[in-house]
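J.:
Okay, here's the thing in structure tokens:
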């Protein structure tokens with residue numbers, strides 16, 4: 177008897193054709209900087225205590241609107257138990273409001289109402305205050 181070599185059957189290579197990807201670049205909105213000289217900026221910082229946070233604020237604004245389809249709410253710590261909520265126009269870069277709070281603000285991309293927990297002076301406890309955006313101004317809507 178003649179020894180036989182084992183027969184190895186190799187499967188045919190499988191070729192998977194991937195669909196071509198289409199990358200679309202979104203337009204970038206930039207305005208000539210007023211307060212920051214070294215890099216292009218959208219934000220305009222009027223208060224000295226926020227200049228140190230300019231890059232963090234800019235990164236948040238670059239993410240686009242998260243409130244009322246036109247504004248970005250950026251929450252930054254301002255001390256122990258204190259949060260400053262900056263409401264920024266994403267097109268002009270203007271900080272239209274600085275809301276001091278004792279917790280995170282509640283807001284929506286599709287709403288013009290923002291709920292901010294604030295600490296009342298007599299009791300020291302947080303109470304929820306609602307603000308309504310009217311044009312480019314926040315007005316107190318109700319206290320709960």
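In my numbering, the protein residues as written are 177 to 320. Even for Gly, the Cβ is constructed at its ideal location relative to N, Cα and C.
Tell me the DSSP secondary structure of residue 205 in three-state form.
T.: Numbered from 1 along the chain shown, position 29 holds the residue referred to as residue 205. Reliability fails at residue 205, whose pLDDT of 39 lies under 50, so the model's placement of it is uncertain and the value that follows must be treated cautiously. Correct three-state label for residue 205: coil.
J.: For a test of the three-state rule: what should DSSP assign to residue 265, helix, strand or coil?
T.: Start at 1 with the first residue of the chain shown, and residue 265 comes out as number 89. Strand at residue 265.
J.: With a 10 Å radius around its C-beta and 16 neighbouring C-beta atoms as the bar for buried, classify residue 269 as buried or exposed.
T.: Along the chain shown, one-based indexing puts residue 269 at 93. Flag for residue 269 reads buried.
J.: Please find out if some non-hydrogen atom of the ligand GDP comes closer than 8 angstroms to the beta-carbon of residue 259.
T.: Absent from the structure shown: the ligand GDP. Ligands present: none.
J.: Where does residue 260 fall in DSSP's three states?
T.: Numbered from its first residue, the chain shown carries residue 260 at position 84. It is a strand residue.
J.: What residue from 281, 242 and 248 has the CA that sits closest to residue 258's CA?
T.: Residue 258 sits at position 82 when you count from the first residue of the chain shown. The shortest Cα separation from residue 258 among 281, 242 and 248 belongs to 281.
J.: Could you tell me whether the Cβ atoms of residue 236 and residue 227 are closer together than 9 angstroms?
T.: For this step, residue 236 is matched to residue 60 along the chain shown. For this step, residue 227 is matched to residue 51 along the chain shown. Contact flag unset, no.
J.: Thinking just about the alpha-carbon of each residue, which of 288, 240 and 295 is nearest to the one in residue 315?
T.: Residue mapping note: residue 315 aligns to position 139 of the chain shown, counting from 1. Checked all of 288, 240 and 295; the closest Cα to residue 315 is 288.
J.: Does DSSP put residue 301 in a helix, in a strand, or in coil?
T.: Counting from one through the chain shown, the residue named residue 301 turns up at place 125. Coil at residue 301, not helix or strand.
J.: Rounding to the nearest angstrom, what Cα-Cα distance links residue 286 and residue 266 in this structure?
T.: On the chain shown, position 110 is the one that residue 286 refers to. On the chain shown, position 90 is the one that residue 266 refers to. Approximately 15 angstroms, taken between the alpha carbons.
J.: Count the other C-beta atoms from every protein chain shown that fall within 10 angstroms of the C-beta of residue 232, then say buried if there are 16 or more, exposed otherwise.
T.: Here residue 232 refers to the residue found at position 56 when the chain shown is read from its first residue. Exposed, because fewer than 16 other Cβ atoms sit within 10 Å of the Cβ of residue 232.
J.: Relative to the alpha-carbon of residue 277, which residue among 299, 283, 298 and 304 has its alpha-carbon at the smallest distance?
T.: On the chain shown, residue 277 is found 101 positions in, with the first residue counted as 1. Measuring from the Cα of residue 277, the nearest candidate turns out to be 304.
J.: Assuming contact is defined by CB atoms lying nearer than 9 angstroms, are residue 279 and residue 302 in contact in what I supplied?
T.: By 1-based counting over the chain shown, the position of residue 279 is 103. By 1-based counting over the chain shown, the position of residue 302 is 126. Result yes, Cβ atoms of residue 279 and residue 302 sit closer than 9 angstroms.
J.: Taking the C-alpha atoms as reference points, what is the distance between residue 252 and residue 262?
T.: By one-based count along the chain shown, residue 252 stands at place 76. By one-based count along the chain shown, residue 262 stands at place 86. Whole-angstrom Cα-Cα distance: 8 angstroms.
J.: Taking the alpha-carbon of residue 310 as reference, which of 272, 293 and 230 has the nearest alpha-carbon?
T.: Reading the chain shown from its first residue, position 134 is the one you call residue 310. When each option's Cα is compared against that of residue 310, the closest is 272.
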